[in-house]
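See below for the structure under consideration.
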């Protein structure tokens with residue numbers, strides 16, 4: 001997919017399907033008020049999804065003003081550049097962070113857990129979100145802990 005060989009990707013997906021092999025979906029968890037909330041990419045089922053999307057939109061505007069540019073190099077879908085940016089906005093870790101910002105008091109550290117590695121864009125975006133929100137954000141992904149504070 002990274003090389004733009006979409007026909008090969010389609011064939012591989014078909015082979016995986018025929019052989020019963022499935023790709024593990026990315027999932028992110030955050031605990032707020034002793035309750036664990038789970039998000040997947042482009043999640044639409046969470047009861048607060050409209051507020052979460054509004055918070056992400058607000059954050060995105062502030063992030064762009066602060067110099068953030070979405071990194072679409074690893075959006076491995078055959079779609080327009082604009083659609084790639086939209087897809088990046090709906091990654092599970094961004095949804096979890098926005099939820100955490102909406103549902104915790106200012107200054108509270110956010111700690112999220114992701115079952116796969118954090119993509120390059122989400123890593124950069126989390127730096128900006130931590131700076132803008134004035135929060136410490138800790139992300140535990142499949143490989144390591146990422147600790148964000150004051151934009152670093």
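Residue numbers (full-length UniProt numbering): 1 to 152.
Virtual Cβ for every residue (Gly too), placed ideally from N, Cα, C.
Here the structure is a predicted model, which means the values were calculated and not measured.
Between residue 36 and residue 29, the C-beta spacing is below 7 Å. Residue burial annotation: residue 14 is exposed, with fewer than 16 other C-beta atoms found within 10 angstroms of its C-beta. For residue 111, the uninterrupted beta strand (DSSP E) run begins and ends at 110-114, by DSSP. In this structure residue 70 does not touch residue 141 by the C-beta definition: roughly 19 Å separates them, more than the 8 Å allowed. Per DSSP, residue 126 is not a residue of any beta strand (DSSP E); the alpha helix (DSSP H) it occupies stretches across 120-133. Inter-segment contact for the region 107-120 and the region 46-62 is absent: fewer than three beta-carbon pairs are separated by less than 8 Å. Counting C-beta atoms within 10 angstroms of its own C-beta, residue 52 has 16 or more neighbours from the protein chains shown and is therefore classed as buried. With respect to residue 128, residue 66 sits close: the two C-beta atoms are nearer than 7 Å. The DSSP assignment places complete alpha helix (DSSP H) segments of no fewer than 4 residues inside the region 51-113 at 81-89 and 92-103, in order along the chain. Sequence-distant partners of residue 90 (beyond 5 residues in either direction) whose C-beta falls short of 7 Å from its own C-beta, in its chain, are 41 and 42. Within the same chain, and ignoring the five residues on either side of residue 124 in sequence, the residues whose Cβ sits closer than 8 Å to its Cβ are 68 and 71. The DSSP-derived three-state label of residue 140 is strand. Residue 39 is bridged by DSSP to 28.
About 5 Å separates the beta carbon of residue 39 from that of residue 96, a gap short enough to meet the 8 Å contact definition. Remark: C-beta atoms of residue 126 and residue 112 do not approach each other more closely than 7 Å.
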